[in-house]
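Asker: Here you go, one structure.
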Amino acid sequence: MHVLEARGITKSFGAAPVLRDVDITVQPGEIVALAGENGSGKSTFAKIVSGTVAASAGTIRLDGHLLPAGNPQQAARSGVGIVPQEITGVPELNVAENILLPLNHSLLSLRRRHGQAVVRPLLDRLGVSADLDAPFRSLPTSTAVLVELARALITQPKLLIIDETTAYLERTAASVLLDVLRAIRDDGVAVMFISHRLPEVHELADRTIVLRDGSLVGEVPRAQSSPDRIARMMVGREIEVHKRGQTRTAAPPRLTVENVRLGPGAAPLSLQVRPGEVVGLTGLVNSGCAALLDHVAGARSLGSGTVRVDGTAITRTGPRGALAAGVVLLPGDRQKEGLLRDASMTSNIMLGTWPLASWASLRREGRMARRFVGDFGIRPDAPARPARLFSGGNQQKMMLARAIRRDPAVLLLNEPTRGVDVGARADVYRVIGESLRSGVSVLFYSTDMHEVIELSDRVLVLYDNQLAAELAGDQITEDNISRLMGGG
Amino acid sequence: MTERASEPVPATGQPGHLALQPAAPGPSPDGSGGRTSVAELGRRLRAAQADYLGAVIAVIALIVLFSITVPGFFSAANFTDTWDTYSVFLILTVGITFTMLGGGMDLSIAGVDPLAGMILAELLAHHYSMWLSVLIVVVGAVLFGICVNGFLIGVMKVNFFIVTLGSLTALEGLALQLTQGSTLLVSGYPFLNDLGNKDFGIVPLNGLIGVACLVLGILVLRYTGFGRAVYAVGGNADAARLAGIRTSLVTCLTYGISAGLAAVGGIIEVGRLGSAGPGTDATIGLTAVAAVLIGGVAFGGGKGTLLGSFIGVIFLSVLGSGLLIAGVSTYLTELITGVVLVAAVTADRLRKSRK
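In structure tokens:
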């Protein structure tokens, strides 16, 4: 008897297919890992099972009963618990109230009694010692994640879905979570575990299902699994051994950052990037990578240190100072900081072109944007179409076109391929490669380990707002990076 | 597209950058995007139709309805009359459209409009020349918009609703204090009188000024860097700032424009009435907001056009004039106007969400 039986699951957002005819079954007392690159459809699958997204086609059965599409309440009642990718706890409610949220919608008075009777033992089991009355917002991320897990477990689900939850955790906290998941499995719960930390997947999963580009490409039982094998299936080709250490011209550094403190009390950080060089930043969420990029771009100043471009310090504050010096940022959150959703593709690419006191010719703007549509492979080729109607990958290409159009000296990329499908990702990499050949310096942050390894000449690993290590050449390995990311 | 990309990526050029392949030859830029073809024109028309269709149909239906049922509605005299009556409303709506496209709203125009008239009257009473007085009032209003509303909203990031509601109340108080509630007479200025009452055939002078403000506004929004920046700030202020747009300045300027246009409206009112007093309708700001929303500007900004707002103004003016001629009482007129406003905006949302 299957706990979960998903048949022919297909989903498209607009024109872009995200899942194609995926069949997945999970048995009770089994941990199944769902592996795949960013944009392979893992999270979408999880959302379809938990009812937050309706599939375009296909059926979900839980214990043999058909689940209505796109109905999260019904999915929860039928026994699907999910710990979503983003932390979704209510900041102003306390720990117990957050955990009990799925149970009682109106019976506020019952919470306290429940809190004593049910929540404490559950948290003890998860190894969480936090005060039940502590507000959720006061919790450190690692605890918040476990509270989210408790919230998913409070309904005693038959199927527990864990979506990239360990991405928030340091290594030790992550291993605690893995132990907890094993214990839950041993209680007979089916666990679906989504992660792109391959060693974890290999270590934990009884069976690994690999998605690539929305299709199921294979299943690996534990006995035959290895991180390398899973990685090959994810990417769809042999992963090449990189030859690094190619001597670059001894050009003076293009971007110099000196003595920036990324957090209160953190040791100052300095770095240099030469023309045509790619330096990758990586670390856990809130390790300071994104803050560093925002600081250099003038988006959010940290109030310390100096940023120089070709030896000249940037003195003007704000994005305008950085832009004038040739420093251009590709924002990490394109919906929030990048896209004009209702504006046309053309306006999005050309945003920021015209000084306030100037004639802005729509026609000239259209002609200038034209070039990028072909160069960047933006599809569909509809310059007047509002940006919100394009797929995530094509929106990202618009953002990149906007950055490249400025002819940058230094390109700062925050998660350049987040939520981007494989095809668009290749286009993004190609465009970055072209910039490098013309002498642009690239400093980028990504949580996608493969991307960091594949693109970077040097990797700076940040931990707790400080530089943990700088890796170059053969030192750039998954093991090294994940160890340093977790503070090891 | 995805098929192609999932194939092995050929390693070319730089070792160490296996994923970074050189450009595929793109479509050659042959400059065909520069000309406006017939197809392009057709596409634009269809787009415009999608934006305004609902409002235009409502306007036409209303005109047909009143023409059939209300004798005297469909006449040159009423055309001139309506245009004259609603010219100030049009000018105010043009101003508020700027603030709404920029992601805000300016309710204080209902306070600026009468106060501008009163200050004009005071200046004239103190024997300032008429042109200087008009200049002082308009420039003063623009500075007020920039330095008070604009500064608080654009620089201090205070919520626009709080700021403009507060300044509306304060300006009303100031107007009452200034005049002690009395009405100031303004006479002996032929230009002001013309501004309020002169017609060229069926075309009222103040109606022409209203249309001039509208056309100027359309040109600014469409063809200047500032206009594009207003849309960008309304669409996504964070993105606009990161792209190097001076978002605070843009916001300040939109409030300067709305206050300045409100002052122009106030001056026309003085000409029309031959007096200035604090009795103007404080809900005129909200009615202007309604016109803008009927015209398809999104709450929150970044989307919509002045042409749409203009259609919204026509709709409300046709409705008001039709009800007036039909002899509907003012109380009932307000009731009907309120219901129709909500119905119009709701119908528009329904139509758009169905697509």
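Residue numbers (the numbering used here), protein chains in the order written: chain C, 1 to 488; chain F, 489 to 843.
All C-beta atoms in this analysis are idealised placements derived from N, C-alpha and C, irrespective of residue type, glycine included.
1) State yes or no: is the beta carbon of I733/F nearer than 9 Å to at least one beta carbon in chain C?
2) Along the beta strand (DSSP E) that carries A57/C, what are the first and last residues, could you check?
3) Could you tell me the boundaries of the beta strand (DSSP E) in which F714/F lies?
4) Residues bridged to N414/C by DSSP?
5) List, in chain order, every chain C residue whose beta-carbon is nearer than 9 Å to that of Y711/F.
6) Strictly below 9 Å CB to CB, what residues from chain F border P380/C?
7) Is it buried or exposed for L704/F, if we count other Cβ within 10 angstroms and need 16 for buried?
8) If you draw a straight line from the alpha carbon of W354/C to that of V708/F, how long is it in whole angstroms?
9) Suppose contacts are defined by Cβ-Cβ distances below 9 Å. Is L674/F in contact with S763/F by that definition?
10) Distance cutoff 9 Å, beta carbons only. Does G790/F sit that close to anything in chain C?
11) Just curious, the alpha helix (DSSP H) that A33/C is in, first and last residue?
12) Whose Cβ in chain F lies nearer than 7 Å to the Cβ of G502/C?
13) List the DSSP bridge partners of K11/C.
14) With DSSP collapsed to three states, give me the class of H614/F.
15) What is the DSSP secondary structure of A251/C, counted as helix, strand or coil?
16) Count the other C-beta atoms from every protein chain shown that fall within 10 angstroms of the C-beta of H614/F, then say buried if there are 16 or more, exposed otherwise.
17) Would you mind telling me which residues of chain C sit closer than 9 Å to Y677/F, beta carbon to beta carbon, in chain order?
18) Y616/F touches chain C at which residues, Cβ-Cβ below 7 Å?
19) Since R437/C and G276/C are thought to touch, with beta carbons under 8 Å apart, how far apart are those beta carbons, to the nearest angstrom?
20) Quick one: residues in its chain with C-beta nearer than 7 Å to the C-beta of R489/C, no 5 flanking neighbours on either side, listed in chain order?
21) Rounded to whole angstroms, what's the CA-CA distance from L471/C to P268/C? Just pull it up for me.
22) Would A205/C pass as a contact of I87/C if the rule is Cβ separation under 9 Å?
23) Could you please give me the residues that DSSP links to Q466/C through a beta bridge?
24) Using a Cβ-Cβ cutoff of less than 6 Å, which residues in the same chain neighbour V373/C once the five nearest sequence positions on both sides are dropped?
25) From what residue to what residue does the alpha helix (DSSP H) around V189/C run?
26) Enumerate in chain order the residues of its own chain whose CB-to-CB distance from T10/C is below 7 Å, with the five nearest sequence positions on each side excluded.
27) Of all the options I60/C, D163/C, L177/C, which has the alpha carbon lying nearest to the alpha carbon of G127/C?
28) Does DSSP put V777/F in a helix, a strand or coil?
29) I'd like to check one pair, L340/C with Y540/F: are the Cβ atoms closer than 9 Å?
30) Who are the Cβ neighbours of L662/F in its own chain at under 7 Å, not counting the five residues just before and after it?
31) Closer than 8 Å, Cβ to any Cβ of chain C: which residues of the region 686 to 718 of chain F, in chain order?
32) Output the residue ranges of the beta strand (DSSP E) runs that lie fully inside the region 647 to 675 of chain F and measure 3 residues or longer, sorted by chain position.
33) Can you pull the chain C residues whose beta carbon is under 7 Å from the beta carbon of G590/F, in chain order?
34) Going along the chain, which residues of the region 377 to 402 of chain C sit with their C-beta nearer than 8 Å to a C-beta in chain F?
35) Give a yes or no on whether 9 Å exceeds the smallest Cβ distance from L737/F to chain C.
36) Please tell me whether N724/F has its Cβ less than 9 Å away from any Cβ of chain C.
Answerer: Reading from the atomic positions:
1) yes
2) 57 to 62
3) Element bounds for F714/F: not the beta strand (DSSP E) but the alpha helix (DSSP H), 713 to 723.
4) Y445/C
5) W359, A360, S361, L362
6) The premise fails here: P380/C is roughly 11 Å from chain F at the closest Cβ pair, so nothing lies under 9 Å.
7) exposed
8) 13 Å
9) As written in the sequence, residue 674/F is Val, which differs from the Leu given in the question. Yes; because the gap between Cβ atoms is below 9 Å, this pair is in contact.
10) yes
11) Careful: A33/C lies outside any alpha helix (DSSP H), inside the beta strand (DSSP E) at 31 to 35.
12) Lying before the first or after the last residue shown, residue 502/C is absent from chain C, which here runs from 1 to 488.
13) L19/C
14) coil
15) coil
16) exposed
17) Residues of chain C passing the Cβ test: none, with the nearest at roughly 34 Å.
18) What Y616/F touches in chain C: nothing, since even the nearest Cβ is about 31 Å away.
19) 7 Å
20) Past the edges of chain C, shown from 1 to 488, lies residue 489/C, and the structure says nothing about it.
21) 18 Å
22) no
23) Y463/C
24) D381
25) It is not in any alpha helix (DSSP H) - V189/C carries neither H nor E in the DSSP assignment.
26) L19, R20, D21, A55, S56, A57, G58
27) L177/C
28) helix
29) no
30) L603
31) R710, Y711, T712, G713, F714, G715, R716, A717
32) none
33) Result: empty, since nearest Cβ-Cβ is about 13 Å, beyond 7 Å.
34) G377, R379, P383, A384, R402
35) yes
36) yes
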